[in-house]
């Protein structure tokens with residue numbers, strides 16, 4: 057699962073050795089901590105697909121998702137992105153553009 061919030065992007069997958077846990081992964085320092093609400097991320101080796109990650113109980117990840125949903129106080133996600141640092145807004149805009157293009161390409165292909 058990919059989750060974008062106004063101040064974090066995380067990828068969440070099941071722990072391969074313990075299905076009671078999930079791995080929350082991030083590409084940018086602080087995103088995992090920001091999403092989970094606790095400073096627990098670790099930096100992974102350079103060859104890892106996500107540079108930062110944390111192992112968390114499913115219940116803790118569920119609580120983080122609920123907090124993120126409750127914090128929504130905007131009518132437009134792109135407008136909720138902080139302009140400083142502006143790189144995060146630019147990244148979100150590129151993702152939005154890719155998805156908007158895919159939507160256009162899929163029209164009538166159902």
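Residue numbers (the working numbering): 57 to 166.
Virtual Cβ for every residue (Gly too), placed ideally from N, Cα, C.
Report yes or no: do three or more beta-carbon pairs, one from the region 102-119 and one from the region 142-161, lie closer than 8 Å?
-> no
Would you be able to state if there are at least three C-beta pairs under 8 Å between the region 78-85 and the region 151-165?
-> no
Buried or exposed: which applies to residue 109, given that a residue is buried once 16 or more other Cβ atoms fall within 10 Å of its Cβ?
-> Position 53 of the chain shown, counted from the start, is the residue given in the question as residue 109. So residue 109 ends up on the buried side.
Does DSSP put residue 61 in a helix, in a strand, or in coil?
-> Sequence index remark: in the chain shown, residue 61 carries index 5 (1-based). Residue 61 falls in the strand class under three-state DSSP.
In the structure shown, what three-state DSSP assignment does residue 165 receive?
-> Sequence index remark: in the chain shown, residue 165 carries index 109 (1-based). Three-state DSSP puts residue 165 in coil, outside helix and strand.
Who pairs with residue 109 in a beta bridge, going by DSSP?
-> Mapped onto the chain shown, residue 109 falls at position 53. Beta-bridge pairing links residue 109 to 81, 98.
Say the cut is 6 Å; is the CB of residue 102 nearer than that to a heavy atom of the ligand ZN?
-> The ligand ZN is absent from the structure shown, which contains no ligand whatsoever.
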